[in-house]
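Down below is the structure, laid out as structure tokens.
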Amino acid sequence: HDAPYREEIVGQIPQVNHEFPNGYNFEYGSERFKISEALFDPGYIRGTNPGTMLGAGHVVTTSVGMCDVDLRPALYNNVVVTGGNTCLNGFIDRLNRDLSIKTPSTMRFKLIAANGPQERRYGSWIGGSILASLGSFQQMWVSKQEYDEGGRSQVDRKCP
């Protein structure tokens, strides 16, 4: 098992108080780490079948591995880290560690992440907004009516 999460070590970390919007207060200890550990090792999620879900590092390596072999070096060298979960304390360090283990030794990888949590949290929305505003992208839009009439073939036609 390559996960660095260890109950005995995490149990020694001081608890942190959290106040909910309704005023309820609760101190959290190891729970703070168990929840985020599931992003890297889905085996921590109750009720899931082993092997049916992939951790973050496996998602990257599997996705890149499904692409053309000539594109893989560029993809590994440009792993963009964005979204709300990437703001979890230590997420980038852990993903970096996992990828250093899982990436083929012939490949170099580089994680690209915005410095601020707001940029990382909303980066995909900002990127989508920029993409949607480009005139060259607007010709690829598929209306609901077009999709209802032609289904997936409309997407294939407009986005070759």
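If you count the sequence shown from 1, you need to add 87 to reach the numbering used here.
Glycine residues also receive a C-beta, built at the ideal position from the N, C-alpha and C atoms.
Exercise for the section: On a CA-only basis, which of S192, Q232 and G177 is nearest T148? Give me that one, please. Expected result: Taking the sequence shown and counting its residues from 1, one reaches residue 148 at position 61. Measuring from the Cα of T148, the nearest candidate turns out to be S192.
- Using beta-carbon positions only, say whether V168 and L198 come within less than 9 angstroms of one another. As a working note, residue 168 is residue 81 in the sequence shown. As a working note, residue 198 is residue 111 in the sequence shown. Taking C-beta atoms as the reference points, V168 and L198 count as a pair closer than 9 angstroms.
In the structure shown, what three-state DSSP assignment does F120 receive?
For the purposes of this step, residue 120 is taken as the residue at position 33 of the sequence shown. If DSSP states are grouped into helix, strand and coil, F120 belongs with the helices.
Note down, in chain order, each residue of its chain lying with its Cβ closer than 7 angstroms to the Cβ of A90, except the 5 sequence neighbours on either side.
Locating residue 90 in the sequence shown gives position 3, where the first residue counts as 1. Its pLDDT being 49, under 50, A90 is placed unreliably in this model, and the coordinates cannot settle the point.
Endpoints, beta strand (DSSP E) assigned at A200:
To locate residue 200, count along the sequence shown from 1; it is residue 113. Unbroken beta strand (DSSP E) run through A200: L198 to A200.
Q.
For H145, list the residues DSSP reports as bridge partners.
A. For the purposes of this step, residue 145 is taken as the residue at position 58 of the sequence shown. In the DSSP output, where bridge partners are listed per residue, H145 has none listed.
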